[in-house]
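Accompanying notes for the structure given below.
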Amino acid sequence: MVPGDLRHALREARQRSGMPFSKFARLAGFSESHLRNVENGHRALTEAIARAYDTVLQTGDRFQAAAANTPLAWDRTGTLSAISGVLNRSDLDRRAFVIATGATLAGVAADWQAALGGQGILSGKGSRQVSNELISHIDERLGHLRHLDDELGSSQLARLACGELGLISRLLQDGTYSSAGGRRLYSLASEASRQAAWDYFDQGEHAVAQAYFETALRASATSGDRIAGAYALSFFAVQCYSTGKPQLAVSLLETARGSLGQAGTPRMRAMLAARSARALSKAGDRHACAHMLHEARRALDRGPHPDDPDTLYWVTDGEVEMIAGSSALELGDPAEAIRRFDAAISADYRGDDQYPRSHAIYLARAAEAHLALHDLDAAVEQATHAVRCMRGVDSARSDSTLAGLRGKLARHARSPAVRDFLGAI
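Last residue of the sequence shown: number 425 in the working numbering, and the count goes up by one each step with no gaps.
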């Protein structure tokens, strides 16, 4: 059943019951205005709403089942429904989220690209005035959240990101704002959902992360913000190549790069090229990986741009070289990996204080590279540094990386340096 048909069916069933709307709303547990807006397509039609209709009208699970199986349109209403869906289910039943197939995820990216720029007027006429100052304040809060994630890890921050997304959703549904204000709010919803997705991924909750990444793409398409969508796709790609789907990651990044048109700054293009290189290294494509790293370095060499998104503060020469080192290690060249990691440190990569979680992962990879070259002392030195970075940081992904490194070092437990390291952690 398409969304419009389901809304019509809800209205018809309510009207046939002969029950006054005020009484129906009271029994359903929602305000009359809320349900009227749902039926008219101005608010999200969630499974909770459909279940309330089923309960009051005694229709079994007819409407709830239809709502669960109705594909969301790539429009304003579909975005609000997607936001409501992830927020209402993430804390209630994580089993409700199912890992999607590669074909499904590729389809989501294609749907996002097709939906860009076709949303029209996005103004709101609710009960609360939403000022530009309030929207800017939310933007600043999301900026602080990004930096907290860099320094503290993801465990507590997923909930904070979801809280920001819930606030933005309420403003979108209940606020009064201009079309320009609506576009900003949907763009911020995309970033809040991307941050939640990244935090859930970092904690190993991959199906939940996928749902939030898709919601981020929907919100960016509604706002017409191709930069926010491409940024979300780049993080989605990291999840894909980290979970055994490198070719899908390559495809997602190709979609992101192709969607930019004239909108992408050199730094944005550098970020997408660097992450493409990493995905290609996972896919074993040495030549294409080297080409993308060259593109990333060349783009960064063009310097900053007035239109650089605030989200790209972390895209530096040091970050690109860390990705180059990881890619070289993946492709079986530990000596080159060490050279690239050293180049990153020389480029003032401030991992210890600004990016301890990411730095711990890179240091663990540097330790693996030294281990591959049979330099146990250097491997232990890097591993010790990685453990030091992780103090006070909560990240299942980093913990898993360090556990893997400890397993590899354990094979060399005859070495006093290795034995001392393993005994100290």
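Ideal placement from N, C-alpha and C gives every residue a C-beta, glycine not left out.
Check	Outcome
DSSP beta-bridge partners of GLN382	Note: GLN382 sits in no beta bridge, so no partner.
Residues of its chain near ALA110, where Cβ-Cβ distance is below 8 Å and the 5 sequence neighbours each way are ignored	THR255
Other residues of its chain near HIS206: CB distance less than 7 Å, five sequence neighbours each side excluded	ILE99, GLN239, THR243
Same chain, Cβ closer than 7 Å to PHE236, neighbours up to 5 away in sequence not counted	PHE213, LEU252
SER346 burial status per 10 Å Cβ neighbour count (16 or more: buried)	exposed
The alpha helix (DSSP H) enclosing TYR177, as first and last residue numbers	Unbroken run through TYR177 is the beta strand (DSSP E), 175-177; no alpha helix (DSSP H).
Length at least 4, wholly inside the segment 251-316: the alpha helix (DSSP H) runs in chain order	266-282, 286-300
7 Å CB neighbourhood of SER395 in its chain, flanking five on each side removed	GLY153, SER154, ASP202, ARG357
Within 9 Å, strictly: CB atoms of VAL130 and LEU185	yes
Cβ neighbours of ARG128 in the same chain (closer than 6 Å, five flanking residues each side left out)	ASP174, GLY175
For LYS125, three-class secondary structure by DSSP	strand
Spatial distance of ASP375 from LEU148 (CA atoms)	35 Å
Whole-angstrom distance between GLY78 and TYR53, CA atom to CA atom	20 Å
Cβ contact (3+ pairs, closer than 8 Å) linking the segment 268-276 and the segment 301-320	yes
Whole-number beta carbon distance between GLY204 and ARG397, since they are thought to touch under 8 Å	7 Å
Range covered by the alpha helix (DSSP H) that runs through ILE99	Careful: ILE99 lies outside any alpha helix (DSSP H) and carries neither H nor E.
DSSP three-state assignment for GLY78, whether helix, strand or coil	helix
ALA50 versus GLU12: straight-line alpha-carbon distance, rounded	13 Å
Close Cβ partners of ALA494 (< 6 Å) along its chain, the five nearest in sequence each way excluded	Look at the range of the chain in this structure, 1 to 425, and you will see that residue 494 is not part of it.
Inter-residue Cα distance where the pair is ALA73 and ARG340	45 Å
Option nearest LYS282 by Cα separation, candidates ARG14, VAL56, SER327	SER327
Beta-carbon contacts of SER234 that lie in its chain and below 7 Å, excluding the five residues immediately before and after	LEU253, ALA256, MET271, LEU272, ARG275
Span of the alpha helix (DSSP H), counted from its first residue to its last, around VAL38	32-39
Straight-line Cα distance separating GLY351 from PHE421	22 Å
Sub-9 Å separation of LEU293 and VAL250 beta-carbons	no
Candidates HIS34, GLN15, ILE323, LEU10: closest to ARG65 by CA position	It should be noted that the sequence gives Ala, not Arg, for residue 65. It is LEU10 whose Cα lies nearest to the Cα of ALA65.
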